[in-house]
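Taking it in order: structure first as structure tokens, then the write-up.
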Amino acid sequence: MHWIQAWAAANGDLDLLEEAAEVLLAWDAHWDRWQPQREIRAWMATLHGEPAAVVARLLRRNPDAARHFTELNENRRVDERIRRAVR
2 MHWIQAWAAA NGDLDLLEEA AEVLLAWDAH WDRWQPQREI RAWMATLHGE PAAVVARLLR
62 RNPDAARHFT ELNENRRVDE RIRRAVR
């Protein structure tokens with residue numbers, strides 16, 4: 002699912018990005034697996050523009066998943082919307 006959301010963000014398919022990221026964050030909140038979280042965190046750090054806005058909105062909707070990505074708040078290169086969503 003991570004690769005689907007990454008492809009969607011890279012190709013500007015915001016609807017697919019929203020669907021894939023929503024499923025992935027729900028899965029993450031339930032399963033809490035470190036390796037996938039590292040990959041997802043690294044990917045989130047690269048997002049800007051509309052893809053970052055979509056992911057930030059989903060993080061705010063999924064606080065149980067958002068708490069797994071609080072390290073992003075410390076990285077000034079991360080889009081401000083994502084940083085605020087994981088505070």
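Numbers 2 to 88, taken from this note's numbering, label the letters of the sequence shown in order.
Think of the CB as a built atom: it goes at the ideal place given N, C-alpha and C, for glycine as much as any other residue.
As assigned by DSSP and simplified to three states, the class of residue i
i     : result
Asp33 : coil
Leu60 : helix
Arg84 : helix
Asn76 : coil
Thr47 : coil
Arg16 : The amino acid at residue 16 is misidentified as Arg; the sequence shows Asp. Reduced to three states, the DSSP call for Asp16 is helix.
Residues of its chain near residue i, where Cβ-Cβ distance is below 8 Å and the 5 sequence neighbours each way are ignored
i     : result
Glu40 : His3
Leu18 : Gln6, Ala9, Ala10, Pro52, Val55 and Val56
Leu60 : Leu26, Ala66, Ala67, Phe70, Ile83, Ala86 and Val87
Chain-order list of residues whose beta-carbon lies under 6 Å from that of residue i (same chain, five-residue window excluded)
i     : result
Phe70 : Arg42 and Val87
Residue i classed as buried or exposed, judged by whether at least 16 other C-beta atoms fall within 10 angstroms
i     : result
Arg84 : buried
Pro52 : buried
Asp80 : buried
Asn12 : exposed
Inter-residue CB distance, residue i and residue j (contact presumed, cutoff 8 Å)
i     : j    : result
Ala66 : Ala9 : About 18 Å separates the two Cβ atoms, so there is no contact after all.
Beta-carbon contacts of residue i that lie in its chain and below 7 Å, excluding the five residues immediately before and after
i     : result
Asn74 : Arg84, Val87 and Arg88
Ala46 : Leu73, Asn76, Arg78 and Val79
His49 : Asp80
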